[in-house]
Amino acid sequence: MADETQANKARELSSRKLLKQGVHAIGVAPGKEYGKEGWVVVAHVQSGTNVNLPEALAVKTKEGDVHVPLVTQRSEPFKPE
Numbered sequence: 023m024a025d026e027t028q029a030n031k032a033r034e035l036s037s038r039k040l041l042k043q044g045v046h047a048i049g050v051a052p053g054k055e056y057g058k059e060g061w062v063v064v065a066h067v068q069s070g071t072n073v074n075l076p077e078a079l080a081v082k083t084k085e086g087d088v089h090v091p092l093v094t095q096r097s098e099p100f101k102p103e
């Protein structure tokens, strides 16, 4: 189970790779909103986009590796008005 700090670190370390795979926005959220424990990384993907993302992102801590769940949410990219 990841805490908010670990989820943010996983997001930071993996953001470039996720963006190259078709993700247009990346955030963190409490896992209970997605049926998970702890905190999760949320990858926002445009509807109709086919992406192959891992189920979790690993982040190293003093106690060892923590696997932060990665959830996908379909959403449209932000367009300034």
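What the sequence shown shows, in the working numbering, is residues 23 to 103, in sequence order. Idealized CB from N, CA, C, for every residue including glycine. Computed from a prediction, not measured in an experiment: that's the story for all the values here.
Under the three-state DSSP convention, the category residue i falls into
i: G53; result: helix
i: A32; result: helix
i: H75; result: Note that residue 75 is Leu in the sequence shown, not His. Reduced to three states, the DSSP call for L75 is coil.
Distance between beta carbons of residue j and residue i, contact taken as under 8 Å
i: A65; j: L92; result: 6 Å
i: R38; j: I48; result: Rounded, the Cβ-Cβ distance is 10 Å, inconsistent with contact.
Pairwise C-alpha distance: residue j and residue i
i: Q28; j: K58; result: 15 Å
i: G44; j: S69; result: 11 Å
i: G86; j: F100; result: 36 Å
Buried/exposed call for residue i, threshold 16 Cβ in 10 Å
i: S97; result: exposed
i: K82; result: exposed
i: A24; result: buried
i: K84; result: exposed
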